[in-house]
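A.B. asks: Pasting in a structure now, in structure tokens, and then I'll have a few things to ask.
If you want it as structure tokens, here you go:
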């Protein structure tokens with residue numbers, strides 16, 4: 063009965079993703095900040111079929127197999143375990159089941175793992191274009207893991223809600239390029255599949271939840287690491303004033319990792335920058351004094367009429383929320399926070415969740431006048447069942463302190479192997495999955 067319940071929950075979970083509040087699948091460009099000349103693909107879980115354009119080249123590729131893809135002119139050359147299949151417009155790896163994990167090893171870049179399908183083609187530059195075709199909620203879980211840290215599922219729930227809202231509002235951001243999003247901060251960070259059950263717990267608990275304004279429209283949901291004690295108005299950083307992106311006091315961001323910072327710059331370099339770049343007359347005592355004793359008790363948008371966002375960019379500062387102290391031929395910038403300061407503070411969120419503040423209250427705190435919308439078409443009972451199953455796995459892990467965890471034996475693999483073995487009328491034995499080469503620390 064226990065395995066039957068897991069089987070039912072999983073079937074519901076994998077069909078749960080095409081909800082009315084989200085897309086079925088999305089296409090995400092991977093390694094978008096890198097130039098990839100060769101891609102090696104291996105397989106962590108499940109089996110894949112390999113296509114060159116529309117031609118099936120090899121089926122049921124799984125553990126132990128390796129695919130190499132590299133650009134040749136405007137096409138890609140595809141090889142499997144050294145056998146060259148020739149060149150094609152694209153290489154496509156399609157998962158044969160939901161329980162499939164790819165391991166990507168591009169030349170010169172750290173290895174990553176992803177779920178879903180993979181399409182590889184060439185860019186005009188001659189390097190590779192790698193696109194992950196993946197279920198929307200699976201993508202979101204990977205975004206949450208890449209974007210925030212913490213130990214409470216509601217931290218991840220908040221991040222999942224604002225990530226879902228952003229993705230739905232910007233679903234066509236890269237449509238002219240043939241995909242929906244990139245994996246870098248230009249869109250949302252997506253640097254691996256989700257491997258932590260507590261992150262997937264928060265993501266699944268947020269199913270069907272988005273942030274909307276008073277008219278029910280999806281809002282923009284910018285966020286940053288730490289506000290330094292006060293968030294910023296949108297027009298102080300970007301051009302437009304947005305009613306739900308107002309500056310608010312944020313004491314929750316105090317005493318966190320990124321709350322305070324300092325940077326020392328030579329006084330000559332500091333003054334010269336404003337003179338040469340912004341044409342300020344630094345011989346004017348009032349201007350010079352302002353530049354050397356600038357103070358922000360509350361956030362300001364400009365220093366001597368110059369945008370603080372521009373100053374932050376040019377000096378690579380952690381934030382625009384800083385004061386200036388002149389000392390011994392230098393200026394010392396005493397700063398607060400990390401990031402642009404608009405919208406949600408991630409470390410403020412972490413603190414608020416730790417204090418027991420409800421996830422929807424956190425969102426209302428950072429997005430003025432906005433609220434969390436619950437899509438009534440989301441099958442709530444199925445979500446709750448799946449959430450309970452993940453909670454059970456987390457609790458079991460806590461009670462097995464000596465158990466060796468591995469990438470093969472994480473929450474996703476454990477759940478899916480139960481289902482797959484049950485389908486084949488086999489018995490799952492955890493002792494068979496303690497391969498030392500796959501050790502992974504939570």
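In my numbering, the protein residues as written are 63 to 504.
Cβ coordinates follow ideal geometry from the N, Cα and C atoms, glycine included.
(1) With distance defined between alpha-carbon atoms, name the residue in 115, 432, 148 and 102 nearest to residue 167.
(2) Measure the beta-carbon distance from residue 90 to residue 171 and round it to whole angstroms, keeping in mind my assumption that it falls under 8 angstroms.
(3) Three or more C-beta pairs closer than 8 angstroms, one from the segment 125–143 and one from the segment 98–114: is that the case here?
(4) Please state whether DSSP places residue 480 in a helix, a strand or coil.
(5) Count the other CB atoms within 10 Å of the CB of residue 417; is the residue buried (16 or more) or exposed (fewer)?
(6) Below 6 angstroms CB to CB, which residues in the same chain sit around residue 327 once its five sequence neighbours on both sides are set aside?
(7) DSSP beta-bridge partners for residue 101?
(8) Where does the unbroken beta strand (DSSP E) through residue 114 begin, and where does it stop?
(9) Relative to the C-alpha of residue 356, which candidate in 314, 397, 413 and 331 has its C-alpha closest?
(10) Suppose contacts are defined by Cβ-Cβ distances below 8 angstroms. Is residue 95 in contact with residue 279 by that definition?
(11) Could you round the C-beta distance between residue 140 and residue 255 to whole angstroms and report it? I think they count as a contact, below 8 angstroms.
(12) Determine the direct distance from the alpha carbon of residue 277 to that of residue 157, and round the result to whole angstroms.
(13) Does chain D have any CB closer than 8 angstroms to the CB of residue 294?
(14) Here's a check: name, in chain order, each residue in its chain whose Cβ is nearer than 7 angstroms to the Cβ of residue 146, leaving out the five neighbours to either side.
(15) Find the nearest neighbour of residue 9 within the set 243, 330 and 403, judged by alpha-carbon distance.
(16) Which whole runs of the beta strand (DSSP E) in the segment 169–196 are 3 residues long or more, in chain order?
(17) Kindly indicate the opening and closing residues of the beta strand (DSSP E) around residue 271.
(18) Looking only at its chain, what residues have a beta carbon closer than 8 angstroms to the beta carbon of residue 152, apart from the 5 residues adjacent to it on each side?
(19) Tell me the start and end of each unbroken alpha helix (DSSP H) in the segment 217–275 that is at least 4 residues and wholly inside, in chain order.
(20) In the DSSP output, what is residue 508 paired with across the bridge?
(21) Am I right that residue 412 and residue 217 are in contact with their C-beta atoms under 8 angstroms? What's the rounded C-beta distance?
(22) Can you give me the start and stop residues for the beta strand (DSSP E) that residue 150 sits inside?
(23) If you draw a straight line from the C-alpha of residue 312 to the C-alpha of residue 423, how long is it?
(24) Just reading off the beta strand (DSSP E) that residue 155 is part of, what are its end residues?
C.D. replies: Taking the geometry as given:
(1) As a working mapping, residue 167 is identified with position 105 in the chain shown. It is 102.
(2) Along the chain shown, one-based indexing puts residue 90 at 28. Along the chain shown, one-based indexing puts residue 171 at 109. The Cβ separation is near 16 angstroms, so there is no contact.
(3) yes
(4) Along the chain shown, read from residue 1 onward, the residue named residue 480 stands at position 418. Residue placement at residue 480 cannot be trusted, given a pLDDT of 42 that sits under 50; what the coordinates show is reported in the next sentence. Of the three classes helix, strand and coil, the one that applies to residue 480 here is helix, per DSSP.
(5) Here residue 417 refers to the residue found at position 355 when the chain shown is read from its first residue. Flag for residue 417 reads exposed.
(6) Residue numbering aside, residue 327 sits at position 265 when the chain shown is read from its first letter. If we look at residue 327 and ignore the five residues flanking it on each side, its Cβ neighbours are 393.
(7) Position 39 of the chain shown, counted from the first residue, corresponds to residue 101. Residue 101 is bridged to 131 and 168.
(8) Here residue 114 refers to the residue found at position 52 of the chain shown. Run containing residue 114: 110–114, per the beta strand (DSSP E) assignment.
(9) The sequence position of residue 356 within the chain shown is 294, counting from 1. The shortest C-alpha separation from residue 356 is found at 397.
(10) Along the chain shown, read from residue 1 onward, the residue named residue 95 stands at position 33. Along the chain shown, read from residue 1 onward, the residue named residue 279 stands at position 217. Not a contact, by the Cβ cut-off of 8 angstroms.
(11) By 1-based counting over the chain shown, the position of residue 140 is 78. By 1-based counting over the chain shown, the position of residue 255 is 193. With a Cβ gap of about 23 angstroms, residue 140 and residue 255 do not count as contacting.
(12) By 1-based counting over the chain shown, the position of residue 157 is 95. By 1-based counting over the chain shown, the position of residue 277 is 215. Between residue 157 and residue 277, the C-alpha separation is close to 41 angstroms.
(13) Absent from the structure is chain D; it holds one protein chain and no more.
(14) For this step, residue 146 is matched to residue 84 along the chain shown. Excluding positions up to five away in sequence, the list reads 139.
(15) This structure cannot speak to residue 9, because the chain is shown only from 63 to 504.
(16) 174–177 and 179–184
(17) The residue you call residue 271 lines up with position 209 of the chain shown. Taken as a continuous stretch (DSSP letters only), the beta strand (DSSP E) holding residue 271 covers 271–274.
(18) Locating residue 152 in the chain shown gives position 90, counting from the first residue. Hits under 8 angstroms: 114, 115, 138, 181, 182 and 183.
(19) 259–267
(20) The structure shown does not extend to residue 508, since the chain is modelled only from 63 through 504, so no value can be given for it.
(21) Along the chain shown, one-based indexing puts residue 412 at 350. Along the chain shown, one-based indexing puts residue 217 at 155. Confirmed, about 6 angstroms.
(22) Looking up residue 150 in the chain shown gives position 88. Taken as a continuous stretch (DSSP letters only), the beta strand (DSSP E) holding residue 150 covers 145–150.
(23) Working through the chain shown from its first residue, we reach residue 312 at position 250. Working through the chain shown from its first residue, we reach residue 423 at position 361. Rounded to whole angstroms, residue 312 to residue 423 spans 13 angstroms at the Cα level.
(24) The count along the chain shown starts at 1 and reaches residue 155 at position 93. Residue 155 -> beta strand (DSSP E) spans 153–157.
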